[in-house]
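The structure appears below as structure tokens.
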Amino acid sequence: MTTPGRTPAPYASGGGGANLADILERVLDKGVVIAGDIRINLLDIELLTIKLRLVVASVERAEEMGIDWWRHDPALSSHARRDSLASENEELRRRLAELEERTA
Numbered sequence: 063m064t065t066p067g068r069t070p071a072p073y074a075s076g077g078g079g080a081n082l083a084d085i086l087e088r089v090l091d092k093g094v095v096i097a098g099d100i101r102i103n104l105l106d107i108e109l110l111t112i113k114l115r116l117v118v119a120s121v122e123r124a125e126e127m128g129i130d131w132w133r134h135d136p137a138l139s140s141h142a143r144r145d146s147l148a149s150e151n152e153e154l155r156r157r158l159a160e161l162e163e164r165t166a
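63 is the number of the first residue of the sequence shown in the working numbering; add one for each residue after it.
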């Protein structure tokens, strides 16, 4: 039982254990990879395979590992969205020019 104004023992920031913020900081700093496969078989016939791969890391650590897909995903990056629209616009202009040459 706790007294008013006092934090319960499991959440106390006392001497021995690491708190959640410390653990999260360590995980993001080092990175964690979780991998697993789920297979569903029926009479030795594979019906479904799901491969799960999860990487938990800070942005800086992910970039050190060569992971930077969010920079090029138009759904996540406004810069990538602009680049995507610019390349699509360029492709459409090229195709329009080809069509105009054929009809001329």
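Heads up, the beta-carbon is just placed ideally off N, CA and C, and yes, glycines get one too.
Host beta strand (DSSP E) of residue i (start-end)
{"i": "R101", "result": "V94 to L104"}
For residue i: DSSP bridge partner residues
{"i": "E108", "result": "N103"}
{"i": "R155", "result": "R155 pairs with nothing; no bridge assigned."}
{"i": "R178", "result": "Shown here, the chain extends from 63 to 166; a query on residue 178 therefore has no answer."}
Distance between residue j and residue i (C-alpha atoms, nearest Å)
{"i": "L138", "j": "A166", "result": "42 Å"}
{"i": "N81", "j": "I96", "result": "22 Å"}
{"i": "I112", "j": "V121", "result": "26 Å"}
{"i": "L110", "j": "G98", "result": "14 Å"}
{"i": "R156", "j": "H141", "result": "23 Å"}
Next on the checklist: With three or more beta-carbon pairs closer than 8 Å as the criterion, would you say the segment 89–107 touches the segment 131–150?
Outcome noted: no
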